[in-house]
Structures are given as C-alpha cells and as structure tokens.
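One structure below.
Numbering (the UniProt record's numbering), first residue to last: 1 to 156.
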C-alpha cells in the first residue's frame, strides 16, 4: 500500500489541481529587455533570481568589469522585495538578465570586483522611495554595503 495521497498526482512534476504553473524562466543570455521579471509575483521573482545566479556561475564568457567611475541606473520602480532589488542591481550593472549578487553577502563579494563593475561607481536610483517603503531596514543595509565600497548612491 502506498503512502501517496490518492487525490494528488504521483509524478513529482505533475500539475497539481488549483496551483498555477510557475513562470517560465528564459535563457537569460538571450534576454534583450530589462525588467522582464517585474510582472512576476514574489515567488516568480525569487525563482528568476535563482536562475540568474545559476546561469551566471555556469558561464565561461563573463565580460570584464566596466571601468571605475561608470554610472549605473536601477529600475527603481520595480523594487518591491529583496529579489527585485538584486534583479534590478544585476541589470543595472550587467544588462538584461545580469547578476550582481543575490543577497547582501553576495553583493559585498560582487563589489570587490570581477562581477561587472569596478568601484567606485555611481548608482543612480530613481523611484528609491518604492524600495525604501517595501524593504524598510534592508534598504538601509543595502545602502551601507554599497557605500562601504565607495559607491555613490544617488537616491531620487
């Protein structure tokens, strides 16, 4: 006798009735549009961030850092959770589907170089109040990490 509930599909990837399908994550190397993740819900954005990180670390063709002094602009209006913060940072620095950390420790590592941007640089952050409202204390922690590495963060 099986312990599997009879009302659920037995295959691990089978569709469970009433549960929506997860969004498809594209091959991020071919992505040409920034913020394609923005319409996703929190779980979808998290899955997208995991895919960004995994695809970044599986690549062998990583571009060199932009020179110190560059200006990178965030899509600030979409930063409503931590995943969105790191997705927006990745795209600001490395373009659509780009990676630049997935948490504050990884951001700290990325700011040491070799992940797309040499410090110091300027981070232009329009609509920063959106992130401040949604991220609360995490917003300040992210600013601290950025500024500790000489990033000139311009909140607007």
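C-beta atoms are modelled at their ideal positions from N, C-alpha and C, and glycine is treated no differently.
Per the coordinates, the alpha-carbon of residue 27 lies some 12 Å from the alpha-carbon of residue 59. Closest in alpha carbon position to residue 105, among 68, 125, 86 and 75, is 86. Residue 91 sits buried, since 16 or more C-beta atoms from the chains shown fall within 10 Å of its C-beta. By the Cβ criterion, the segment 51-67 is not in contact with the segment 127-145, since fewer than three pairs of Cβ atoms, one from each stretch, lie closer than 8 Å.
For residue 71, the pairing in a beta bridge is given by DSSP as 122. Where residue 155 is concerned, the enclosing beta strand (DSSP E) starts and stops at 152-155.
Relative to the Cα of residue 111, the nearest Cα in the group 128, 127, 150 and 95 belongs to 150. Under the three-pair Cβ rule at 8 Å, the segment 111-123 counts as touching the segment 67-74.
For residue 153, the CB contacts under 7 Å within the same chain, skipping 5 residues up- and downstream, are 123, 125, 143, 146 and 147 in chain order.
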